[in-house]
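To keep things clear, I will list the structure first and then write my remarks on it.
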Amino acid sequence: MDFRRSRASDEPEINLIPLIDVLLVIIIFLMLTTTYAKFSGLEINLPTADASKQAEPPNEINVALTAAGQVLVNKVPLAAVSVQTISEALRRAAGDAKEPVIVINADAKASYQSVVDIMQAAQTAGYPRISFATQSPR
Numbered sequence: 000m001d002f003r004r005s006r007a008s009d010e011p012e013i014n015l016i017p018l019i020d021v022l023l024v025i026i027i028f029l030m031l032t033t034t035y036a037k038f039s040g041l042e043i044n045l046p047t048a049d050a051s052k053q054a055e056p057p058n059e060i061n062v063a064l065t066a067a068g069q070v071l072v073n074k075v076p077l078a079a080v081s082v083q084t085i086s087e088a089l090r091r092a093a094g095d096a097k098e099p100v101i102v103i104n105a106d107a108k109a110s111y112q113s114v115v116d117i118m119q120a121a122q123t124a125g126y127p128r129i130s131f132a133t134q135s136p137r
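In numbering that gives the first Met the number 0, the protein residues as written are 0 to 137.
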């Protein structure tokens, strides 16, 4: 019996294939579980300002339109509902104010034509700034 060890066969071999397999599994696991954010570390310092409350009310003319088609300009009902009548009422409500904002409060069931008539009356009166009032759903 030869109990002598040969020097050539005693050197250990490192098999790299299982190591590569384990590393690939770890990389895939990290790629799947990592969350990506577009702005992960974006810090913004917004400017500050001390604003005082407006002394005078804003230049607004409120025009209400009911579901029945009745038009109210600053809570004053109009006798006739035509573009010319609404235009004259808007001029009277504005007085000498420069470029007032026309706020249209139309009922959800009001006709589309009535809203267009109010917009046309504002354009005829020379008031291009129009806004629509809405309410948030509950």
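For glycine and all other residues, C-beta sits at the position ideal for the given N, C-alpha and C.
Predicted model only: the values in this text are computed from it and were never measured.
Between SER130 and VAL100 a beta carbon distance of about 6 Å is seen, short of the 8 Å cut, so the two are scored as contacting.
Put simply, of GLY125, GLN134, LEU89 the residue whose alpha carbon is nearest the alpha carbon of ALA105 is GLN134. Note that the segment 63-82 does not touch the segment 23-31; fewer than 3 beta-carbon pairs, one per stretch, sit closer than 8 Å. With distances taken between CA atoms, ALA120 lies nearest to VAL72 out of ASN14, VAL72, GLU10, ILE19.
In the three-state reduction of the DSSP assignment, GLU98 falls in the coil class. Nearest neighbour of GLU98 by Cα position, chosen from ILE60, VAL70, GLU12, turns out to be ILE60. ILE13 carries a coil assignment under DSSP once its states are collapsed to helix, strand and coil. DSSP places SER86 within a helical segment (H, G or I) once states are collapsed to three. In the three-state reduction of the DSSP assignment, SER135 falls in the coil class, being assigned neither a helical nor a strand state. VAL114 and MET30 have their C-alpha atoms spaced approximately 55 Å apart. Annotation for VAL80: no beta strand (DSSP E) segment contains it, and DSSP assigns it neither H nor E. Around the beta carbon of LEU18, fewer than 16 other beta carbons lie within 10 angstroms, which makes this residue exposed. DSSP places ALA121 in the helix class (H, G or I) of the three-state scheme.
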